[in-house]
Amino acid sequence: MKAKQKFTLDIWGLITLGIIGVYLLFLLYPMAHLMKQSVYDPQTGQFSMENFIKFFSKSYYLNTLLNSFKVSLSATFLSILIGTPLAYLFSAYKIRGKSMLNILIIIASMSAPFIGAYSWILLLGRSGVITVFFRKLGIVLPDIYGFSGIVLVMSLQLFPLVFLYVRGALANIDNSLLEAANNLGCSGLKCFFKVVIPLIMPTLLAAGLLVFMRAFADFGTPMLIGEGYRTFPVVLYTEFVNEVKGNDGFAAAIAIIAIIITTFVFLVQKYISNKHSFEISALHPMVEKEPKKAQKFLIHLYAYLVVSIAILPQVYVTYTSFKNTSGKIFVPGYSLRSYETAFSKLGASIQNTIIIPLLALIIVVLLAVLIAYLAVRRRNALTNTVDILSMVPYIVPGTVLGIALLSSFNRRPLLLSGTMLIMVIALVIRRLPYTIRSSVAILLQIPLSIEEAAISLGASKMKTFFQVTVPMMAAGIISGAILSWITMISELSTAVILYTGRTKTLTVAVFTEVLRGNYGVAAALSSILTVLTVISLLVFNKINAGREISL
Amino acid sequence: MSKILIRHAVKKYGDHTVIPDLNLEIKDGELFTLLGPSGCGKTTLLRMIAGFNSIEGGDIYFNDIRINDLDPSKRNIGMVFQNYAIFPHMSVYDNVAFGLKNRKMEPKKIQELTEQYLELMQIAEYASRMPNQLSGGQQQRIALARALVISPDVLLMDEPLSNLDAKLRLEMRSVIRHTQKEVGITTVYVTHDQEEAMAISDTIAVMKEGVIQQVGTAKEIYQRPKNLFVASFIGRTNILPAKVEENALLFPSGYRVELGSGQQMENQEVQCSIRPEEFVISKQGDEGIHGVVREYSYLGPNTHYAVETVDGVTVEIIEESSMEDELKPGQKVLLQVKKERINIFDRTGRRNLVRSEAHEG
Chain E
387 MKAKQKFTLD IWGLITLGII GVYLLFLLYP MAHLMKQSVY DPQTGQFSME
437 NFIKFFSKSY YLNTLLNSFK VSLSATFLSI LIGTPLAYLF SAYKIRGKSM
487 LNILIIIASM SAPFIGAYSW ILLLGRSGVI TVFFRKLGIV LPDIYGFSGI
537 VLVMSLQLFP LVFLYVRGAL ANIDNSLLEA ANNLGCSGLK CFFKVVIPLI
587 MPTLLAAGLL VFMRAFADFG TPMLIGEGYR TFPVVLYTEF VNEVKGNDGF
637 AAAIAIIAII ITTFVFLVQK YISNKHSFEI SALHPMVEKE PKKAQKFLIH
687 LYAYLVVSIA ILPQVYVTYT SFKNTSGKIF VPGYSLRSYE TAFSKLGASI
737 QNTIIIPLLA LIIVVLLAVL IAYLAVRRRN ALTNTVDILS MVPYIVPGTV
787 LGIALLSSFN RRPLLLSGTM LIMVIALVIR RLPYTIRSSV AILLQIPLSI
837 EEAAISLGAS KMKTFFQVTV PMMAAGIISG AILSWITMIS ELSTAVILYT
887 GRTKTLTVAV FTEVLRGNYG VAAALSSILT VLTVISLLVF NKINAGREIS
937 L
Chain P
2 MSKILIRHAV KKYGDHTVIP DLNLEIKDGE LFTLLGPSGC GKTTLLRMIA
52 GFNSIEGGDI YFNDIRINDL DPSKRNIGMV FQNYAIFPHM SVYDNVAFGL
102 KNRKMEPKKI QELTEQYLEL MQIAEYASRM PNQLSGGQQQ RIALARALVI
152 SPDVLLMDEP LSNLDAKLRL EMRSVIRHTQ KEVGITTVYV THDQEEAMAI
202 SDTIAVMKEG VIQQVGTAKE IYQRPKNLFV ASFIGRTNIL PAKVEENALL
252 FPSGYRVELG SGQQMENQEV QCSIRPEEFV ISKQGDEGIH GVVREYSYLG
302 PNTHYAVETV DGVTVEIIEE SSMEDELKPG QKVLLQVKKE RINIFDRTGR
352 RNLVRSEAHE G
């Protein structure tokens, strides 16, 4: 009996209005501004579709769109193809060193994607170690640049998301369902395709959407490894950043097209997954079996091979960070010189990487908890608006949001460009949807009657919220916050638009150093980033003892 | 201490009316049970009294004070929830003291009262434990102590025993009954379990589809149900069609029962509610409904029979067990009714035609 309530102007009503105000200013206004820019001709001051016509009439631009689709779809399918079996093997069988593999997979997924791209160039690029090694043997490896390289890096980067999602879904499949299937004569692979896959279909669709969105919006990977193969975010970035030939109106038009596409994909996914949605929860979760001899070997081979390839880029980058460099090239011998340079030149970026995400995190957690509470416990027309608004950033690629914010807040009285604040705002807006979803999930598990008990015992609404609801949500909120934190410190696509010399973050520093060819410094910086990530993950595991990670 | 008065209460969800027009008077200090199948509106009504559901029409009074628009935290109500709603992040002691702290009582008084009620519910030894270390029955005791310690005007209980296993349920039933009498607090108790309702209540209101069907003591609603719904919802019963002719009950098979001078009924088609123990079963005789035993089960004090009558209806019969052999399946028998005890309803089942004191008034 969950009826919609009427809006009342109590304390929660005020909070609702406040949050709507924040979204109006920092999300809707920039988006509207972007839209205006895209159809506004600065010379004549009139409405014009010129930018859109330019985009769709030149095959150069249209091709980038096609390229983006090809890359994102391929990466999505490959990620599902790698991640799903791996997750199933992890849930169904005993595997040696499973918990370590688990952590490695998470670390692989948590690093900034372009670091993977850059590392694969070091490994498989024209003068990469592996390429050179095989060339000496007389074998010429296929070219890593362009389409195949982008898909390789994205798939390896994003399959862990599928893995984690599917692991979560499999934990909710009751073992008795599989036993019933076996009992009815359906076992092994047949059972996997006939029973397991349909059961986790909603999760696969959700994971697929997430992977597609990330791949579609990924800017760093195609920028580094794409070379002539240009995708959407790259064109968007170059059009916007290019100060000589660049055209803000045209960049805005590309951004609008990007949003239309992601919205479309989002709606299609929603439509399909609504048809497949059902609730499952396991009384008796799946039991891990001891695999038979031959099986055992194959399972271990698959698991270890996938995980090693996934983690290889980071290991190799960390390794090169200790190598000596001379100018821009690595030379024999090892030292900490890259680190020295990194700290002396770019120490501020390490500080920024702590301060900016930390500020954003505090705001995100506070807003997410409030919004989740409004969406779950105070359903009315206005809180529904908040709920829908909060999902908008999900479909806005990071580069687009960066551009929108920058072009909206570069004049008085709203002069924020170049400040740390605008970077904090960008992170908050981008990360909110995820934190809200996880907070909603936590809140749904807390029975309403607990709050009613507090109220009937004379506690006020705010007192109930802070003394009863929040403490019960705390564990979930903290673990969600750590995950948000990890994603924030490795964020690139918005930061690369918004940063200035003073607000440069680690990821941006790595990115610019890679572009300049300072591979040693870049490696040192990204190793520092990896260490930060690993420490955060260890803290997460400590707090979350035993519980599964979910994004 | 309060009496509760509900006048023309209406509850709607959008266009859907859950409670059309409900009137009740709950006496000071009694344990009043709302009994009905799930979805009948009993919990909705309880939550209207508590203030968690809005009231779309009518009035609710505690004594003479109208509480319709009073915030739930100001109604001075003790509430025990189906899932107990114990705060999992607070110790047993803090759970019980929570309401007192909200009332800004002085610390010494809080401690004194909390300890007194922990003692009353026999959970003093667990005071410093966290709730998840305790059993369902113990959590139930915390919930009761927490609700009672604030000296509420009214105690509301929403299916408090439904999460307990059968044995604990019996134990907690008597704990609740005993505590309620000792504290003497007006209590509204919601359940769908008619046996629980009969065991615990001073007064029972049977509800169906948002309408009170009958209010009375356990004995009244069992022996003289106001309509066919109440008759079949409370306890088990057999419904047999019959006719009234010249103040006698005539069954299709020809069995005729004189109603006697105490009853005056017009000639009409009726439905008889005959409880399993209101049949007399015999192997031979010349009056009664003929039938054949189909099944029997021996349950110690009683023996249950399923008998198929010549009219093709299978009826359930309970007899006190005797030392003799039970009637075996296939045995032909003759059924008579205890005419003073059975209930006769009009054809629609809405009205009990049997005159009794329970219905006057």
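Chains as they are written, first to last, in the working numbering: chain E, 387 to 937; chain P, 2 to 362. Think of the CB as a built atom: it goes at the ideal place given N, C-alpha and C, for glycine as much as any other residue. Computed from a predicted model, the values in this text were never measured in an experiment.
Any Cβ of chain E closer than 8 Å to the Cβ of P/M80 would place that residue at the interface, and such an atom is present. The Cβ atoms of P/Q265 and P/N164 lie no closer than 8 Å to each other. Counting only runs of at least 4 residues, the stretch 705 to 771 of chain E fully encloses the following alpha helix (DSSP H) elements, listed from N- to C-terminal order: 723 to 763. In the DSSP assignment, E/I811 forms no beta bridge with any residue. The residue from E/T785, E/T898, E/L818 with its alpha-carbon nearest to that of E/L884 is E/T785.
Distance from the CA of P/G331 to the CA of P/C273, rounded to the nearest whole angstrom, comes to 26 Å. Identification of residues in the stretch 301 to 318 of chain P having a C-beta nearer than 8 Å to some C-beta of chain E yields an empty set. Counting along the chain, E/C577 sits inside the alpha helix (DSSP H) bounded by residues 574 to 577. Across the set P/G301, P/R225, P/D16, the C-alpha of P/G301 shows the shortest separation from the C-alpha of P/E327.
With contacts defined by Cβ atoms closer than 8 Å, E/T855 and E/I841 do not form a contacting pair.
If one requires a minimum length of 4 residues, the alpha helix (DSSP H) runs lying completely within the stretch 547 to 618 of chain E are 561 to 569, 574 to 577, 583 to 603, 606 to 611, in chain order. Counting other Cβ atoms within 10 Å of its Cβ, P/D159 reaches 16 or more and is therefore classed as buried. The C-beta distance from E/M859 to E/I822 rounds to 13 Å, too long to fall under 8 Å, and the pair is not in contact.
Less than 8 Å separates the beta-carbon of E/S870 from that of E/R817.
Membership of P/N344 in the beta strand (DSSP E) is indicated by the continuous run 344 to 347. Note that the C-beta distance between E/A603 and E/V457 is not below 8 Å. Rounded to whole angstroms, E/S846 and E/E726 show a C-alpha spacing of 56 Å. When DSSP states are grouped into helix, strand and coil, E/K675 belongs to the strand group. Proximity of P/F99 to chain E, defined by a Cβ-Cβ separation below 8 Å, is satisfied. Just measuring C-alpha positions, the residue of E/A761, E/V651, E/I493, E/N904 sitting nearest E/W398 is E/A761.
Excluding residues up to 5 positions away in sequence, N268 lie with their Cβ nearer than 6 Å to the Cβ of P/E246 in the same chain. Annotation: P/Y14 to E/M417 spans about 38 Å, alpha carbon to alpha carbon. DSSP places P/T304 within a strand segment (E or B) once states are collapsed to three. Annotation: Cβ neighbours of E/I841 in chain P (cutoff 7 Å, chain order): P73, S74. Residue P/E197 holds the alpha-carbon nearest to the alpha-carbon of P/A167 among P/A146, P/L156, P/N133, P/E197. A buried status is given to E/M609, since no fewer than 16 other beta-carbon atoms sit within 10 Å of its beta-carbon. Between the stretch 307 to 318 of chain P and the stretch 282 to 295 of chain P, the count of Cβ pairs shorter than 8 Å is three or higher; the stretches touch. If you draw a 10 Å sphere on the C-beta of E/G887, you find fewer than 16 other C-beta atoms in it, and that means exposed. Uninterrupted alpha helix (DSSP H) stretches at least 4 residues long and entirely within the stretch 131 to 177 of chain P occur at 137 to 149, given in chain order.
Listed in chain order, the non-local C-beta contacts of E/I815 below 7 Å within the same chain comprise F412, L413, P779, L787, local neighbours out to five positions each way being set aside.
According to the DSSP assignment, P/M324 belongs to no alpha helix (DSSP H), since it is labelled neither H nor E. Per DSSP, P/F280 is one residue of the beta strand (DSSP E) stretching across 280 to 283. Burial of E/E899 is indicated by the presence of at least 16 other C-beta atoms within 10 angstroms of its C-beta. Nearest in C-alpha terms to E/I863, of all of E/V751, E/M806, E/I536, E/L923, is E/V751. Short of 7 Å from the beta carbon of P/T45, and not among the five residues preceding or following it, lie these beta carbons of its own chain, in chain order: K12, V19, I20, N54. Short of 8 Å from the beta carbon of P/R342, and not among the five residues preceding or following it, lie these beta carbons of its own chain, in chain order: Q224, R276, E279.
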